[in-house]
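The next block holds one structure in the form of structure tokens; read it before the comments.
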Amino acid sequence: MDKRPQRPLRDERDQQIETRSRSHALDFMTAATQVLTLICLWKGNPAWKGSLALLFFGAAAMLFYKYDQYEEKPYLAIGGILGAIGIALLLWFGFTG
């Protein structure tokens, strides 16, 4: 049985753990999406377009967050380009076979 005392308030350490857990989860999902994209390409499944779109959306979201933190325009510009590529891939996937 766990004998550690329960902490009633969340502190900075809890925030860091939460941030790191989300970061690791995102890294895992990115790797899984890359594998899924390659499998779809290998099998000739057109779902690779949608899967690849998710990777572009993830990269764009990361850059938008960096822009929000640093307020440097290249993050916004490149994030916008990657987001547009993601939208184009998603539309291509959605409207073709």
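Per this note's numbering, the sequence shown starts with residue 724, numbered consecutively. Glycine residues also receive a C-beta, built at the ideal position from the N, C-alpha and C atoms. All values derive from a computational prediction rather than experimental measurement.
ask   = CA-CA distance, Leu778 and Ala755?
value = 10 Å
query = What do you reckon, are the CB atoms on Gly802 and Ala776 nearer than 7 Å?
reply = no
key: Inter-residue CB distance, Lys766 and Leu812 (contact presumed, cutoff 8 Å)   = Contact check for Lys766 and Leu812: beta-carbon distance about 18 Å, past the 8 Å limit, so the pair fails to qualify.
request  = Use the C-beta contact count for Leu732: other C-beta atoms within 10 angstroms, 16 or more gives buried, fewer gives exposed.
outcome  = So Leu732 counts as exposed.
request  = Just the C-alpha distance for Ile804 and Ala770, rounded to the nearest angstrom, thanks.
outcome  = Straight-line Cα distance between these residues: approximately 22 Å.
ask   = Helix, strand or coil: how does DSSP classify Ala770 here?
value = Coil, per DSSP.
ask   = According to the neighbour-count rule (16 or more other Cβ atoms, all chains shown, within 10 Å of its Cβ), is Thr742 buried or exposed?
value = exposed
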